[in-house]
Amino acid sequence: MTDDSLSQRKAQLDKAEREHLEDVVEELRERVEDNVRYQLTQKGLDDEPEGPDTLDEDIEQLVEAIELEGVDGHTWDEAFEQYVTGVGYTIVNRLAALRCMEVRDFIDEEVTVFKENGLTPAAETLVHEEFLLEDEAILEAYHNACDELAEEIEILFDRSSSYSLVDPDDDTFEALCGMLDDVPDEVWRADDVLGWVYEYYNRPVVEALDAKNTLEPDDVGPANQFYTPHWVVRMLADNSLGKLYLEATEQESSVPAAEELSIEERKERLVTPEDAPGVPELCEGVIE
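In structure tokens:
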């Protein structure tokens, strides 16, 4: 990993980078969901259990998690697939977020980067210092990173959630991390990369809803969920709160003229104290 700096960051991905990321996310989704589905099937959960009172504690937790997906009247099969999707997305989202932190040097020892010896740096430390077996150390290092980050980002890394009951197996974990390697570090540094991961992972769900002639009330939310590029959000903010502030402080004339910046320059601008020391410099998207 190389040192992170503002000069290495980009505000948003270009079309080619987004298309490549979409292909990788599609591969990630297929691999992780196949593995989660296989593990649940091996536990006999592809069909609804007939005698839930006789299940062991681990299986009972999984049954409750799947049933939770079906509270709105879904069949067991529908709830099963929704749970598979939820677990898969949670795993991919965590791995992608970890990779973003690793390339920015926010994590001391990588947990998603495999060395030639088949271990991640964090797992290698556990093998040498805590004498864990290599296969155990890889997922243990991943768990440790999630637990540490959950103190600050609980919604993403909390392993007590129902979507954390299934981990990828060892081979799948390594394969998923290898797919992350197919995406250049500069892409993982982009401000909007996780937004596009969300968009591409959930695209099949949205497309399936779009294909329906009539949406049910529960479909409206998912059908209208999509990633909004940061420059669109900035344009909205510039022309609402930003414009009100500039008008109230009589600084409208301080905003750079529209012809001074190209569309791409406006999209790519970084918000730093050096680039935007005041509100007028921030509000380059104001439309007169």
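Heads up: the sequence shown begins at 1 in UniProt numbering, then just goes up one per residue. Backbone N, C-alpha and C fix where the C-beta goes; we use that ideal spot for every residue, glycine too.
Local conformation of residue i per DSSP, three classes
{"i": "His143", "result": "helix"}
{"i": "Gln12", "result": "coil"}
{"i": "Asn117", "result": "coil"}
{"i": "Thr75", "result": "coil"}
{"i": "Ile153", "result": "coil"}
{"i": "Thr125", "result": "helix"}
{"i": "residue 291", "result": "Look at the range of the chain in this structure, 1 to 288, and you will see that residue 291 is not part of it."}
{"i": "Pro280", "result": "helix"}
{"i": "Val183", "result": "coil"}
{"i": "Val193", "result": "helix"}
{"i": "Pro168", "result": "coil"}
{"i": "Asp108", "result": "coil"}
{"i": "Pro204", "result": "helix"}
Assigned exposure category for residue i - 16 Cβ within 10 Å defines buried
{"i": "Ile153", "result": "exposed"}
{"i": "Gly242", "result": "buried"}
{"i": "Asp238", "result": "buried"}
{"i": "Val111", "result": "buried"}
{"i": "Glu252", "result": "exposed"}
{"i": "Glu250", "result": "exposed"}
{"i": "Ile107", "result": "buried"}
{"i": "Phe131", "result": "exposed"}
{"i": "Val113", "result": "buried"}
{"i": "Thr228", "result": "exposed"}
{"i": "Ile155", "result": "exposed"}
Beta-carbon contacts of residue i that lie in its chain and below 7 Å, excluding the five residues immediately before and after
{"i": "Val36", "result": "Val84, Val87, Gly88 and Val166"}
{"i": "Leu149", "result": "Phe157"}
{"i": "Lys15", "result": "none"}
{"i": "Ser254", "result": "Pro280"}
Residues of its chain near residue i, where Cβ-Cβ distance is below 8 Å and the 5 sequence neighbours each way are ignored
{"i": "Lys43", "result": "Ile59 and Leu62"}
Residue i at chain D interface by Cβ criterion, 8 Å
{"i": "Asp14", "result": "Of the protein chains in this structure there is only one, and it is not chain D."}
For the stretch 20 to 31 against the stretch 51 to 69, are there 3 or more C-beta pairs whose distance is under 8 Å? They do not touch, by the three-pair rule.
Can at least three beta-carbon pairs, one atom from the stretch 116 to 126 and one from the stretch 189 to 200, be found at a separation below 8 Å? No: the two stretches stay apart, fewer than three of their Cβ pairs being nearer than 8 Å.
Between the stretch 156 to 166 and the stretch 101 to 119, can you find at least three pairs of beta-carbon atoms closer than 8 Å? The stretch 101 to 119, when compared against the stretch 156 to 166, does not touch it at the 8 Å Cβ threshold.
Runs of 4 residues minimum, wholly inside the stretch 26 to 81: which ones carry the alpha helix (DSSP H) assignment? With a minimum length of 4 residues, the continuous alpha helix (DSSP H) runs that stay inside the stretch 26 to 81 are 57 to 69.
Taking three-plus beta-carbon pairs below 8 Å as touching, is the stretch 45 to 55 in contact with the stretch 201 to 209? No, they do not touch.
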